[in-house]
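*Asks:* First the structure, then my questions, so here it is.
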Amino acid sequence: LVDPLLLNFDFTGFCGRATDSNGYSIRMAGTDMALDYALSLQMSGGDIRLMGISRVDSNAPRLLIGRTYGLADGFTKIILEPGWRFAKRSYGGKELGHIYVTHDWMPTELETNNNN
20 LVDPLLLNFD
30 FTGFCGRATD
40 SNGYSIRMAG
50 TDMALDYALS
60 LQMSGGDIRL
70 MGISRVDSNA
80 PRLLIGRTYG
90 LADGFTKIIL
100 EPGWRFAKRS
110 YGGKELGHIY
120 VTHDWMPTEL
130 ETNNNN
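In the numbering used here, the protein residues as written are 20 to 135.
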């Protein structure tokens, strides 16, 4: 179970927060995948999975980004799969409020390595 500090933290003048999908997107091998892949939470096999689902190609690899490894009442921590990490978007040397869920490989490379 996770204590969601964002529910009672005073963010005034301190920092931003992203509580919906507009603040997050997928980046793979240095490429912003926001137009190609959407983040989706899906129930599967007794846990919740954070997935990247193609917006444009139903045959494209489905990306398993993280999972909860079980269910709980309330907020649950998502553990990222190996190779996935969070990164901040920057522009002109300044960090922006947008957060990437990022991996060093492209979807087809990731799928190939996961099938070996």
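Backbone N, C-alpha and C define an ideal beta-carbon position, used for all residues, glycine too.
None of these values were measured; they are calculated from a predicted model.
From Asp62 to Leu90, what does the alpha carbon distance come to, in whole angstroms?
*Replies:* The question names Asp, but residue 62 in the sequence shown is Met. Going from the Cα of Met62 to the Cα of Leu90 covers about 9 Å.
*Asks:* Please determine, among Asp76, Pro101, Arg68, Trp103, the residue with the shortest C-alpha to C-alpha distance to Arg86.
*Replies:* Arg68
*Asks:* Here's a check: name, in chain order, each residue in its chain whose Cβ is nearer than 6 Å to the Cβ of Asn135, leaving out the five neighbours to either side.
*Replies:* Any reading at Asn135 needs caution, since the residue's pLDDT is 46, under 50, leaving its predicted position unreliable; the model's value is listed next. Answer for Asn135: no residue qualifies.
*Asks:* Please report the straight-line C-alpha distance between Arg74 and Ala57, rounded to a whole angstrom.
*Replies:* 6 Å
*Asks:* Can you check the segment 64 to 94 for any beta strand (DSSP E) of at least 3 residues that lies completely inside it and give the ranges in chain order?
*Replies:* 66 to 73, 82 to 86
*Asks:* Among Lys113, Gly93, Leu54, Trp124, which one has its Cα closest to the Cα of Arg104?
*Replies:* Trp124
*Asks:* Locate the beta strand (DSSP E) running through Gly42, then write down its first and last residues.
*Replies:* No beta strand (DSSP E) holds Gly42; DSSP gives it neither H nor E.
*Asks:* DSSP three-state label for Glu100, please.
*Replies:* coil
*Asks:* Just curious, the beta strand (DSSP E) that Gly116 is in, first and last residue?
*Replies:* 113 to 122 is the extent of the beta strand (DSSP E) around Gly116.
*Asks:* According to DSSP, is Leu54 helix, strand or coil?
*Replies:* coil
*Asks:* Candidates Leu60, Ala48, Ser44: which alpha carbon is nearest Leu54's?
*Replies:* Ser44
*Asks:* Here's the rule: buried if 16 or more other CB atoms are within 10 angstroms of the residue's CB, otherwise exposed. What is Gly93?
*Replies:* exposed
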